[in-house]
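Here's the structure we're looking at; comments come further down.
2 protein chains.
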Amino acid sequence: MTQNSVKRMIQQYRCPIIVFAKKSINSRYFGLGSNCLLKLPYYKTINFVTLSNISSNMTRENVREKVALIGSGNWGTVISKIIGNNVMRYKEFHQEVKMWVFEEKVGGRNLTELINEKHENVKYLPGFPIPENVKALPDLSEVVRDATVLVFCIPHQFVPKTCDQLKGKINPKAKAISLVKGFETDETGIRPMSHAISESLNIPVCSLSGANIANEIAEEHFSETTIGYNNLEEGELFKKLFETKYFRVGIIDDVVGVQLCGALKNVIAIGAGFVDGLKLGENAKAAIIRIGFFEMKQFMKKFYGGIKDETFFESCGIADVIATCYGGRNRKVAEKFVTTGKSFDQLEEELLNGQKLQGTLTVKEIHRVLSSKGINDEFKLFTTIYRIAFEGLPPKSIVENID
Amino acid sequence: MTQNSVKRMIQQYRCPIIVFAKKSINSRYFGLGSNCLLKLPYYKTINFVTLSNISSNMTRENVREKVALIGSGNWGTVISKIIGNNVMRYKEFHQEVKMWVFEEKVGGRNLTELINEKHENVKYLPGFPIPENVKALPDLSEVVRDATVLVFCIPHQFVPKTCDQLKGKINPKAKAISLVKGFETDETGIRPMSHAISESLNIPVCSLSGANIANEIAEEHFSETTIGYNNLEEGELFKKLFETKYFRVGIIDDVVGVQLCGALKNVIAIGAGFVDGLKLGENAKAAIIRIGFFEMKQFMKKFYGGIKDETFFESCGIADVIATCYGGRNRKVAEKFVTTGKSFDQLEEELLNGQKLQGTLTVKEIHRVLSSKGINDEFKLFTTIYRIAFEGLPPKSIVENID
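Which chain is which? The protein sequence lines are D and A, in order.
Heads up, the first sequence is in this note's numbering, so the first residue is 216 and it goes up one at a time.
Heads up, the second sequence is in this note's numbering, so the first residue is 216 and it goes up one at a time.
The following block contains the structure:
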């Protein structure tokens, strides 16, 4: 956008000051600056579409964000409903969402065809309508072509391979948001999934996590969530993309904190499940949640200097810990571990239809990192949960090993 | 204790340094100093009893703490079991606990006689043994005579009258601990029960509160609690009096914070009960708990400058909020309020055998204070809970009125 075109705009709108968002001039946001404009109500605000129209070398089409949803499981499908509706509400977005579906046969037909025909994910979220502007596609390259916003919503073990497939195929100015739980580990520490995506694709990556049991959101029951952002503009754009009347979004500039909470809460839920299995009651469960929350905080701060205290009070923090410790499947399977005496492997097979439990993976990953650093003693609850789950320690140690 | 007797001790024990607790010389603790001694293991520690024996003008009897328990309801009776056992374990305490019982007839006999004969509170905690060294008495003056430690465990509305009766009858050097929930309010603000006791009797008062559903502790299920102290010596003495293998005590120098958490958590539980009644699920419940916890913190900090952030992470804070929002009776009655459409007054009558619900009283008290200061808008959830409970606002406003 040239100085002359700004001058023309000032004349046309008879406005003494036009406020642009930081970084907006010469970027594809050019003058949208909704956050700035909204926060300065006394200034003349300019409708984005009109504004794009007066810019001779821009069309409406190429300034709108095009959203690609990478993933279509239970949670991904709920998200497709939310963002499918939201792109139609706001002019910032192109009105189609392309959704990548790992192709599989359902009743002899392709899942993508069924989704596009019935507007329903008959396999992973039957009974809930998907907006018609969400288009299911089996080809990842086609999904991300021209997309400026990538929403990652796949199991964390698929992230590296998916990113490899995306290399060289995405808009270099795209930005992403990760709804992926979990992190990668090696002996030296942990790597959040946002980092894995960002480093692989060289784009900025935000994160979203919260007290978000998927089916409750599908039913439009009230829920909160948290978006961690790199810069405020991105945070507010993603808030627009995800917020609905029943799905309230808080934003905080702590990309890593938000997603690590989402992974670590499952460890606490395993502990809470042990307490449930032992029938120790509400006091003991609350105690384990309290101590687990404390260790989660310590763990995150030990491995990442920039984690904010406030993050733990957002939906991704204490609220998600609570929801998961009462309503999540990690809790449930851990309870069965105690009451049946079966191993987690066996229970996963029997109860989860071949899926892996995220919490037990995280328990192992954390233990590996703590052991390699020789700091298990600083995380007694996490260590005790590991030893009960995988080393035959009696479940009642969950309360006996606490100082 | 004279300088000469200290010299004699140093000679006798061949110890270069004897560590006394702060304030301990010339006090009735004289050299007990368990906290100091324990924290400095390289110094010679001296057995308290031996030490008291070598002091010519002291007997074992008059340096031991005599404990009086004021209250004998459900929670008081659980506490009588804990402290009755603990005074026998530690030489710091006289081995009898006098327990004040509001006399009433049970099956034609006095409750005190039944307790002393059966060692069981047949009315308020049937089926659980009370240690034989706990002596039930109907006369408050007799209970507190010579007591150096007063444990208050009565409903908060009885505190002023009870303190009036105690005036001039207690050891002026006594110290107290309040297990009382709730606080007093007027237009200018709130007064914690520890202040009410302390100002009335002119003695220091600690507080105890935590995720402590009484019957679970009676069954010796694992639980934590928090003691707020004025000075560390008192905190550690009370920790000894209350801590058992299944009832773990954390201590923190925040007398007001500990007890205000204990009162305010019931307000959040009413909100959680509304969510349960509306069947909104775990996400919504976790959201209300999160927001309630935030408002509890704001409220306390607004009315007391000295509240510590750490207090909210002790058992009295987040853990008690969680236990109460899942297992407490305030939650339960609030759920019924939604599902039956009956008033709280009616439900109290039907469900609580004439007792009053502490949470609804606190909801009213908080609303009164907030209204008088004109700051209801700063506490939207607390205000919404009040309006649903007492002004006919539809229960679903609990999630609709949130920003």
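Idealized CB from N, CA, C, for every residue including glycine.
- Sorting D:597, D:573, D:548 and D:536 by C-alpha distance to the C-alpha of residue 565 of chain D places D:548 at the top.
- Under the Cβ distance rule, residue 405 of chain A does not count among the residues neighbouring chain D, no pair being separated by less than 7 Å.
- A Cβ-Cβ contact shorter than 7 Å links residue 531 of chain D with residue 424 of chain D.
- Proximity to residue 361 of chain A across A:387, A:380 and A:533 peaks at A:387, based on C-alpha coordinates.
- Within a 10 Å sphere around the beta-carbon of residue 567 of chain D sit fewer than 16 other beta-carbons, which makes this residue exposed.
- Exclusion of the five residues before and after residue 349 of chain A leaves 295, 299, 312 and 314 as the residues of its chain whose Cβ lies within less than 6 Å of its Cβ.
- Close partners of residue 499 of chain D in chain A (Cβ separation under 7 Å): 436, 437 and 438.
- Per DSSP, residue 602 of chain A is not a residue of any beta strand (DSSP E); the alpha helix (DSSP H) it occupies stretches across 595-605.
- Between residue 325 of chain D and residue 318 of chain D, the beta carbon gap of about 6 Å places them in contact (Cβ cut-off 8 Å).
- Rounded to the nearest angstrom, the gap between the Cα atoms of residue 467 of chain D and residue 563 of chain D is 35 Å.
- Secondary structure of residue 389 of chain D (DSSP, three-state): coil.
- Chain A has no Cβ within less than 7 Å of the Cβ of residue 414 of chain D.
- Residue 573 of chain A: member of the alpha helix (DSSP H) spanning 573-588, first to last residue.
- Per DSSP, reduced to three states, the secondary structure at residue 421 of chain A is strand.
- At least one beta carbon of chain A lies nearer than 7 Å to the beta carbon of residue 495 of chain D.
- By the rule that beta-carbons nearer than 7 Å mark a contact, residue 549 of chain A does not touch chain D.
- Assigned with DSSP and collapsed to three states, residue 529 of chain A falls in coil, not helix or strand.
- Proximity of chain D to residue 614 of chain A at the Cβ level (cut-off 7 Å) is accounted for by 437, in chain order.
- Annotation for residue 290 of chain D: 368, 394, 427 and 429 place their beta carbon closer than 8 Å to its own, counting only its chain and skipping 5 residues before and after.
- Residue 377 of chain A is positioned such that its CB atom lies no closer than 7 Å to that of residue 281 of chain A.
- For residue 570 of chain A, the number of other beta carbons within 10 angstroms of its own is below 16, and it is reported as exposed.
- Counting along the chain, residue 544 of chain A sits inside the alpha helix (DSSP H) bounded by residues 544-555.
- By the neighbour-count criterion, in which 16 or more other beta carbons inside 10 Å mark a residue as buried, residue 474 of chain D falls on the buried side.
- Where residue 410 of chain D is concerned, there is no enclosing beta strand (DSSP E), although the alpha helix (DSSP H) around it starts and stops at 408-416.
- Taken in chain order, the unbroken stretches of beta strand (DSSP E) that lie wholly in the region 276-308 of chain D and span 3 residues or more are 280-285.
- For residue 428 of chain D, the C-beta contacts it makes with chain A under 8 Å involve 496, 497 and 498, in order along the chain.
- Within the region 335-373 of chain D, the complete alpha helix (DSSP H) segments of 4 residues or longer fall at 355-359, listed in chain order.
- For residue 401 of chain D, the enclosing beta strand (DSSP E) has its first and last residue at 398-401.
- Here residue 474 of chain A carries a helix assignment [DSSP, helix/strand/coil].
- In this structure residue 404 of chain A is not in contact with residue 441 of chain A, their Cβ atoms being roughly 23 Å apart against a cut-off of 8 Å.
- For residue 477 of chain D against residue 553 of chain D, the beta-carbon gap comes to about 25 Å, at or over 8 Å, which does not count as contact.
- Judged by DSSP in its simplified three-state form, residue 310 of chain D adopts strand.
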